[in-house]
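Heads up, the thing below is written out as structure tokens.
Chains as they are written, first to last, in our numbering: chain A, 99 to 267; chain B, 99 to 267.
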């Protein structure tokens, strides 16, 4: 089964807007901290999708979107292609600028919070996410990364587009 | 229906390796000139896919692959996400370097030929391809482009990832 998704880390004052996935039933991400995103719908570009997801999940609009990478996740019977973005210059639907002190709206997918980038790595996150979050932190140019997991959610391989192995179990 | 594909333009001496699609039955690309590529298979990263397709279609191995863009095609009931590459430093399966004078292998998809980049634009190509081929020619950094076609294969819209309209019918 092939799936296409988007994921976005909105950036502000050295922090990322993340969701603590505690709300959704049968959520593969349950308990994990993750950015904002979801499945691509027919007719949508990756940017169309992530703008819709940000609006639906947080009520926010991104002034600037940066397409940072394509992540290929292989797990169970799924191959998922995830279009990875960062976003800046956030506003609400009334055009008001958002700060990290602005009240965050209710989100059906999880509890939103602004997390210092350096603190993200000590939260419960997917093992493979560390590799692309590190690349985002370092300001890496566009990258492609393949993450292979076993059936229990343990990372087996992290391989960059040029064939370099970042991790192998 | 959502489909994922790859497309690659192998570069050598200012020329691109292209296929004149004259062979495949019921080929949506019939008569058109296009790069090398095909559908992504389960478990494949975009790079895995394009390396397999290049080998299957031309017997060539790319020493260097550059991930240049993601193209979202919307046509009929299909939304296709195409991972766009250029390739350099080509060799055959015996490790011999390839030049534009090397004999090109038979290809079941079409007739391969090395085409000067500036000549590509006067060949029969998809209208929307002009926009990403121009970006490739200009050495543009990674880009995202959405191309919307009507049921007769006429381009309706070409929109970049930052929302700029390059073409609107």
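Glycine residues also receive a C-beta, built at the ideal position from the N, C-alpha and C atoms.
Residue contact check for residue 178 of chain A against chain B: no CB pair falls below 7 Å. Contact holds between the region 242-250 of chain B and the region 172-181 of chain B, because three or more Cβ pairs, one in each stretch, are under 8 Å apart. Around the CB of residue 99 of chain B, fewer than 16 other CB atoms lie within 10 Å, so the residue is classed as exposed. The beta carbon of residue 121 of chain A sits closer than 8 Å to the beta carbons of 205, 206, 207, 208, 209 from its chain, once the five residues preceding and following it are set aside; these are given in chain order.
With contacts defined by Cβ atoms closer than 7 Å, residue 110 of chain B and residue 158 of chain B do not form a contacting pair. DSSP, read as helix, strand or coil, puts residue 148 of chain A in helix.
Under the three-state reduction of DSSP, residue 197 of chain A is assigned to coil, being neither helix nor strand.
By the criterion of a C-beta distance shorter than 7 Å, residue 203 of chain B is surrounded in its chain by 156, 157, once the five residues flanking it on both sides are discounted. Nearest CB-CB separation between residue 165 of chain A and chain B: below the 7 Å threshold.
Taking 7 Å as the CB threshold, residue 193 of chain A stays off the interface with chain B.
Within chain A, 165, 239, 240 have C-beta atoms less than 8 Å from the C-beta of residue 240 of chain B, given in sequence order. DSSP places residue 218 of chain B inside the alpha helix (DSSP H), whose first and last residues are 215-218. Per DSSP, residue 240 of chain A lies in no beta strand (DSSP E) and is assigned neither H nor E. Taking 7 Å as the cut-off, the beta carbon of residue 169 of chain B is found no closer than this to the beta carbon of residue 152 of chain B. If you look at residue 232 of chain B, you'll find it in the alpha helix (DSSP H) that goes 227-235. Secondary structure of residue 156 of chain A (DSSP, three-state): helix. The Cβ of residue 154 of chain B sits no closer than 7 Å to any Cβ of chain A. Distance from the CA of residue 229 of chain B to the CA of residue 243 of chain A, rounded to the nearest whole angstrom, comes to 26 Å. Among the residues facing chain B, residue 151 of chain A is not included, as its CB has no counterpart in that chain under 7 Å away.
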